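Reviewing the structure listed below.
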Amino acid sequence: MHAMTASVLQMIRRAKSPLSKVEIAEELGVSLSAISVHVERLLKENLIEMSRIGVSSGGRKPKEYALNKDFGLIVSIELETTLVHIALTNFNCEVLCLTSSDIEITDGPDIVLTRIHEHVEQMLLDNDIDKASIKGIGIGIPGPVDFSMGIPISPPIMPGWDQYPIREFWAKYFDCPCYVDNDVNIMALGEHAKGLKFEVNNVIFIKIGSGIGSGIIYDGVLYRGSTGSAGDIGHFDIGSDVVCWCGNKGCLEASAGGKALISKGKERAIFHNSGYLLDILNSRGELSMEDIGAGLLQLDSSCVELVRESGALIGKVIASIVNFANPDLIVIGGRIAEFGDIFLAAIRQSVYQRSLPLATRNLIINKSSLGNMAGLIGGAFMTIDQIITQATDNQADTYF
Numbered sequence: 000m001h002a003m004t005a006s007v008l009q010m011i012r013r014a015k016s017p018l019s020k021v022e023i024a025e026e027l028g029v030s031l032s033a034i035s036v037h038v039e040r041l042l043k044e045n046l047i048e049m050s051r052i053g054v055s056s057g058g059r060k061p062k063e064y065a066l067n068k069d070f071g072l073i074v075s076i077e078l079e080t081t082l083v084h085i086a087l088t089n090f091n092c093e094v095l096c097l098t099s100s101d102i103e104i105t106d107g108p109d110i111v112l113t114r115i116h117e118h119v120e121q122m123l124l125d126n127d128i129d130k131a132s133i134k135g136i137g138i139g140i141p142g143p144v145d146f147s148m149g150i151p152i153s154p155p156i157m158p159g160w161d162q163y164p165i166r167e168f169w170a171k172y173f174d175c176p177c178y179v180d181n182d183v184n185i186m187a188l189g190e191h192a193k194g195l196k197f198e199v200n201n202v203i204f205i206k207i208g209s210g211i212g213s214g215i216i217y218d219g220v221l222y223r224g225s226t227g228s229a230g231d232i233g234h235f236d237i238g239s240d241v242v243c244w245c246g247n248k249g250c251l252e253a254s255a256g257g258k259a260l261i262s263k264g265k266e267r268a269i270f271h272n273s274g275y276l277l278d279i280l281n282s283r284g285e286l287s288m289e290d291i292g293a294g295l296l297q298l299d300s301s302c303v304e305l306v307r308e309s310g311a312l313i314g315k316v317i318a319s320i321v322n323f324a325n326p327d328l329i330v331i332g333g334r335i336a337e338f339g340d341i342f343l344a345a346i347r348q349s350v351y352q353r354s355l356p357l358a359t360r361n362l363i364i365n366k367s368s369l370g371n372m373a374g375l376i377g378g379a380f381m382t383i384d385q386i387i388t389q390a391t392d393n394q395a396d397t398y399f
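In terms of numbering that gives the first Met the number 0, the sequence shown opens at residue 0 and continues consecutively.
Structural data, given as structure tokens:
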């Protein structure tokens with residue numbers, strides 16, 4: 000693909016709304032006649048489509064162009080420790096079909112990926128979809144990734160996965176590229192690309208589940224760090240004596256993550272006579288994050304206190320990040336983010352108390368608008384973006 004044609008395609012791809020030829024020409028600093036040639040080429044190849052007629056500023060109303068959502072399909076996969084979510088999307092990251100299944104990530108890559116492949120094949124069969132229409136596969140995993148190689152790097156909760164060639168596994172079954180990244184990174188991409196209703200370039204997505212991590216969008220681009228471990232805020236030292244699974248004391252995750260909430264909930268039930276939590280513990284012998292969330296909806300005092308304490312600790316760490324990085328937006332996602340306003344209010348209060356006024360002057364702290372779809376939508380966006388980026392870099396029709 001010609002470099003300028005690819006640049007036009009990339010610009011249309013990343014735009015929040017359809018673009019006119021005039022807007023593209025002005026942004027790229029190229030004449031309108033030259034841009035017209037590249038737009039027509041992309042139309043001919045069905046990569047873009049005329050989306051709508053724009054508003055006239057005097058003269059003829061301009062045609063506006065967007066990526067052709069029907070150009071092909073993307074398989075997006077989000078891997079958790081005990082669950083896998085699989086979506087089929089179009090080229091606009093719209094989810095067409097979705098399935099989830101129980102897995103055990105500790106079973107190792109061969110067993111887990113084989114099961115996921117079976118689910119993908121069944122999804123295609125059930126929806127009468129030809130493999131040839133799949134243009135790419137995107138996968139998010141709960142651990143550090145060497146993005147350029149598509150391999151996990153010493154993932155602490157994924158025994159047997161270190162440096163496993165995930166891309167090569169999928170190449171055995173599909174004639175299309177595969178991209179692998181950390182799960183929170185793809186959530187950040189999904190939220191930034193498809194979840195926001197306003198334009199911001201510096202976003203930090205905080206995922207709070209059994210563990211705590213973040214994905215960083217800096218100047219509109221995902222920041223992975225030199226070894227793919229950027230954003231691992233779960234191991235920030237908050238000064239507690241709680242021992243983390245990593246062997247250190249004081250990690251945020253060990254005091255404020257989902258496992259910590261459950262542990263503290265059991266303690267409240269047994270030693271502080273929390274009626275709601277004690278009843279559940281006596282009847283089932285265990286607690287879950289869902290139990291704490293349900294108690295929160297009932298305004299059970301112990302659950303409210305637990306969630307507020309967790310939010311305050313997380314907000315303390317976010318405040319340091321805000322002072323250092325000065326983002327436009329903090330997005331809170333993950334299972335605990337579904338706890339709602341009480342949790343979010345505790346985070347906000349802690350952040351604004353501990354951050355410098357200048358750093359929070361324009362700061363917005365919101366819950367993820369995509370919810371549990373952020374990772375799947377982000378995986379699709381990452382894949383499409385990489386396909387187009389590589390076509391730009393190669394100046395060849397490598398994937399088209």
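The beta-carbon is built from N, C-alpha and C at its ideal position, and this holds for glycine as well. Because the structure is a prediction, the values reported are computed rather than measured.
Query: Residues in its own chain within less than 8 Å of Tyr398 by CB, not counting five upstream and five downstream?; Result: Confidence at Tyr398 is low in this model, with a pLDDT of 45, below 50, so its placement is unreliable and the value that follows should be read with caution. Here the set comprises Lys134, Gly135, Cys175, Pro176, Ile386, Gln389 and Ala390.
Query: If you count every other CB in all the chains shown that lies within 10 Å of the CB of Thr226, and 16 or more means buried, which is it?; Result: exposed
Query: Could you check whether the region 182 to 194 touches the region 209 to 219, counting it as contact only if at least three pairs of C-beta atoms, one from each stretch, sit closer than 8 Å?; Result: yes
Query: With 16 other CB atoms within 10 Å as the buried threshold, where does Leu312 fall?; Result: buried
Query: How should Ile364 be labelled, buried or exposed, when 16 other C-beta atoms within 10 angstroms of its C-beta is the threshold for buried?; Result: buried
Query: Report, in whole angstroms, the separation of the C-beta atoms of Gly274 and Glu337, which I expect to be a contact under 8 Å.; Result: Actually they are not in contact, since the Cβ atoms of Gly274 and Glu337 sit about 24 Å apart, beyond 8 Å.
Query: Do you know how far the Cα of Gly249 is from the Cα of Val242?; Result: 6 Å
Query: Could you have a look at Ala395 and say whether DSSP puts it in helix, strand or coil?; Result: Residue placement at Ala395 is flagged as unreliable, the pLDDT there being 46, under the threshold of 50; a coordinate-derived value is accordingly withheld.
Query: Following the continuous alpha helix (DSSP H) through Asn281, name the residue where it begins and the one where it ends.; Result: Gly274 to Arg283
Query: Tell me whether the beta-carbon of Leu18 lies closer than 8 Å to the beta-carbon of Glu63.; Result: yes
Query: Quick check on this structure: which residue in Ser16, Ala65 and Val94 has the alpha carbon closest to the alpha carbon of Asn371?; Result: Val94
Query: Go ahead and label Asp109 buried or exposed: buried means 16 or more other beta carbons lie within 10 angstroms of its beta carbon, across all protein chains shown.; Result: exposed
Query: Starting from the N-terminal side, write out each stretch of the beta strand (DSSP E) that is 3 residues or longer and does not extend beyond the region 234 to 262.; Result: none
Query: Once DSSP output is grouped into helix, strand and coil, what is the label at Val29?; Result: coil
Query: Assuming contact is defined by CB atoms lying nearer than 8 Å, are Gly314 and Ile346 in contact in what I supplied?; Result: yes
Query: Here's a check: name, in chain order, each residue in its chain whose Cβ is nearer than 6 Å to the Cβ of Ala170, leaving out the five neighbours to either side.; Result: none
Query: Suppose you measure from the CA of Ala318 to the CA of Leu369; what does that come to, to the nearest Å?; Result: 24 Å
Query: I'd like the span of the beta strand (DSSP E) that includes Ser213, first residue to last.; Result: Ile211 to Tyr217
Query: Exposed or buried, what is Trp160 when buried is set at 16 or more other beta-carbons lying within 10 Å of its beta-carbon?; Result: buried
Query: Phe204: buried (16+ other C-beta within 10 angstroms of its C-beta) or exposed?; Result: buried
Query: From Thr80 to Pro143, what does the alpha carbon distance come to, in whole angstroms?; Result: 14 Å
Query: Please give me, in chain order, every unbroken run of the alpha helix (DSSP H) with length at least 4 that falls completely inside the region 83 to 145.; Result: 108 to 125
Query: Below 8 Å, can you find three or more Cβ-Cβ pairs linking the region 191 to 199 to the region 114 to 131?; Result: no
Query: Among Tyr178, Asp125, Ser132 and Asn281, whose alpha-carbon lies nearest the alpha-carbon of Ile140?; Result: Tyr178
Query: Would the region 375 to 382 count as touching the region 67 to 87 if we require 3 or more Cβ pairs under 8 Å?; Result: yes
Query: Out of curiosity, what's the CA-to-CA distance linking Lys60 and Ile23?; Result: 16 Å
Query: Reducing DSSP to helix, strand and coil, say where Ala65 ends up.; Result: strand
Query: Using DSSP bridges, identify the partner residues of Val179.; Result: Ile138
Query: Just verifying my parser: in three-state terms, what is the DSSP assignment at Gly149?; Result: coil
Query: Can you find the residues in the same chain that come closer than 7 Å, C-beta to C-beta, to Val21, ignoring five residues on each side of it along the sequence?; Result: Leu31 and Pro61
Query: Taking the alpha helix (DSSP H) that Ile156 falls in, what are its first and last residues?; Result: Where Ile156 is concerned, there is no enclosing alpha helix (DSSP H), given that its DSSP letter is neither H nor E.
Query: For Leu369, which beta-bridge partners are listed by DSSP?; Result: Beta-bridge pairing links Leu369 to no other residue.
Query: Residue range of the alpha helix (DSSP H) that Glu304 falls in?; Result: Ser300 to Ala324
Query: With DSSP collapsed to three states, give me the class of Leu221.; Result: strand
Query: Considering only their Cβ atoms, is the gap separating Leu280 from Lys400 smaller than 8 Å?; Result: There is simply no residue 400 to check, as the chain begins at 0 and stops at 399 in what is shown.
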